[in-house]
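A short worksheet on the structure shown next.
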Amino acid sequence: MSLNSRDSAPDHTSETLTQGQNLYYSGRLNEAEEVFSKALQKNPSQHAILNARGYVYAKRGKWDQAIKDLTQAVKLAPQNSRYLENLGTAYLEAGHPQKALEYFSLVLESASDSPQALNHRGLAFSQLGQYQDAIQDFSKALTFDNPMAEIYLNRAVAYLKSGAREAAKKDLDQTIRLNSSLHQAFQSRGLLELMNGEIEAAIQDFTRAIHLGADGGLVHYNRGVALTMAGDEGHAQEEYDLACQRHIYQACDHSGIQTQVHLQL
Numbered sequence: 052m053s054l055n056s057r058d059s060a061p062d063h064t065s066e067t068l069t070q071g072q073n074l075y076y077s078g079r080l081n082e083a084e085e086v087f088s089k090a091l092q093k094n095p096s097q098h099a100i101l102n103a104r105g106y107v108y109a110k111r112g113k114w115d116q117a118i119k120d121l122t123q124a125v126k127l128a129p130q131n132s133r134y135l136e137n138l139g140t141a142y143l144e145a146g147h148p149q150k151a152l153e154y155f156s157l158v159l160e161s162a163s164d165s166p167q168a169l170n171h172r173g174l175a176f177s178q179l180g181q182y183q184d185a186i187q188d189f190s191k192a193l194t195f196d197n198p199m200a201e202i203y204l205n206r207a208v209a210y211l212k213s214g215a216r217e218a219a220k221k222d223l224d225q226t227i228r229l230n231s232s233l234h235q236a237f238q239s240r241g242l243l244e245l246m247n248g249e250i251e252a253a254i255q256d257f258t259r260a261i262h263l264g265a266d267g268g269l270v271h272y273n274r275g276v277a278l279t280m281a282g283d284e285g286h287a288q289e290e291y292d293l294a295c296q297r298h299i300y301q302a303c304d305h306s307g308i309q310t311q312v313h314l315q316l
C-alpha cells in the first residue's frame, strides 16, 4: 500500500497530507488519523485525504473503515491506480482475495508492467488456491529489474503448495541469497527439507527462522517433528510445548505426536 498520494492531490490538500504523513512516519498513527478526519469533516470529497486515512486505518487493522475510505477514494478518482491498488491490498489483507483480485486486475489493465501489482495479484491467486495463475504473475514480476526477494519467496510458496518441490527449492535459495533476514524463507525451506528427508538441514533452517523472529506455533511444531525424527526427544518435547502454547493443538498430546509435517504456509 502507498500513503503518499500527493501527485493526485489538489494544492489545498498538500498541507494536510504533509502534516498527516509526518505524524504517520513518526509512529503517531492516532494523530495522523485525527488530522485526516478533521480535513474530511470540512470536505468529505478530498480523495487524496480519503486514500491517506484509509491507509492509516489499514495499518491499524481497521479493515472495514479502510475499505470504506479507499472505496470512496476510488469512486471519486477511478483512474488513480494507486487508490485501486491500495483498495486491493486492503481487501487482500482483510481476507477477501476475490475482491482483491478484481482491483489488482484493474490496475494491471493500465499498468501491465507493475511488479508490485503483479506480486499482489499473485498473492490473491495463491489465497484462492489458483497456484498456476499465481506463479505466472510472480514470474512476470520477476522479469523486471531489481527483482525482490519477497517475490521469489511468494513464488516458492506457490510452487511448494502446487507440489513443484524442485522449483520451490531454487526460489527459496534465491530468496535467501537476496535477503537472508526473511524468517519465512528459512521456515519454508525447512518444511521442504523435512518433506525430502533432509532432517539436519531442516533443523538448522527452523532454528535460523526462530532466531530471525519466527515465533508462531507452526515453526515450533515442525522443528519438534524434525527433532523427533533425529532422535532428540528432549528438545522435541520443548518445541511441542511451545507449539501447544501457540494453539497448535496436535502438539498438545505429547504421547500422540506423529512425525508429520504441518504444511500450512
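To convert, note that position 82 of the sequence shown is 133 in this note's numbering; the numbers rise steadily by one, no gaps. Beta carbons: idealized from backbone N, C-alpha and C, even for Gly.
Counting along the chain, where does the alpha helix (DSSP H) carrying residue i start and finish?
i, result
"Lys220", "Arg216 to Leu229"
"Lys93", "Leu80 to Lys93"
"Asn205", "Ala200 to Lys212"
"Ser239", "His234 to Met246"
"Tyr142", "Ser132 to Glu144"
"Ala277", "Gly268 to Met280"
"His262", "Ile250 to His262"
"Tyr106", "His98 to Lys110"
"Pro148", "Pro148 to Ser161"
"Arg172", "Pro166 to Gln178"
"Ser190", "Tyr182 to Ala192"
"His286", "Glu284 to Gln296"
"Lys113", "No alpha helix (DSSP H) contains Lys113, which DSSP labels as neither H nor E."
Could you tell me the alpha carbon to alpha carbon distance between residue i and residue j, rounded to whole angstroms?
i, j, result
"Ser306", "Ala287", "Note that Ser306 has pLDDT 49, beneath the 50 cutoff, so the model's placement of it is unreliable and the number below is only indicative. Going by the C-alpha atoms only, they are around 12 Å apart."
"Val208", "Arg172", "15 Å"
"Ile261", "Val270", "7 Å"
"Asp304", "Phe87", "51 Å"
"Thr67", "Lys212", "45 Å"
"Tyr182", "Asn170", "13 Å"
"Leu80", "Val107", "7 Å"
"Thr140", "Arg111", "14 Å"
"Leu74", "Glu251", "47 Å"
"Asp292", "Gly268", "9 Å"
"Lys126", "Ser77", "30 Å"
"Leu229", "Gly275", "28 Å"
"Gln70", "Gln92", "16 Å"
"Ser132", "Glu160", "10 Å"
"Gln116", "Tyr142", "11 Å"
"Ile299", "Trp114", "26 Å"
"Glu18", "Ala281", "In the structure displayed, the chain extends from 52 to 316; residue 18 sits before or after that span and is not available."
Is residue i near residue j, with beta carbons less than 9 Å apart?
i, j, result
"Ala124", "Leu138", "yes"
"Gln235", "Leu193", "no"
"Ala253", "Ala219", "no"
"Ser165", "Glu144", "no"
"Tyr134", "Asn94", "no"
"Ala109", "Ile100", "no"
"Arg206", "Phe195", "no"
"Gln238", "Ala215", "no"
"Glu244", "Thr226", "no"
Whole-angstrom Cβ separation of residue i and residue j, contact assumed at under 8 Å?
i, j, result
"Ala168", "Ala151", "With a Cβ gap of about 11 Å, Ala168 and Ala151 do not count as contacting."
"Thr64", "Gln97", "5 Å"
"Gly241", "Asn197", "Contact doesn't hold; Cβ gap of about 27 Å is too wide."
"Asp224", "Tyr210", "Not quite, the Cβ-Cβ distance comes to about 12 Å (not below 8 Å), so this is no contact."
Answer with yes or no whether the minimum CB distance from residue i to chain B is below 9 Å.
i, result
"Ser65", "The structure shown contains no chain B; it is built from a single protein chain."
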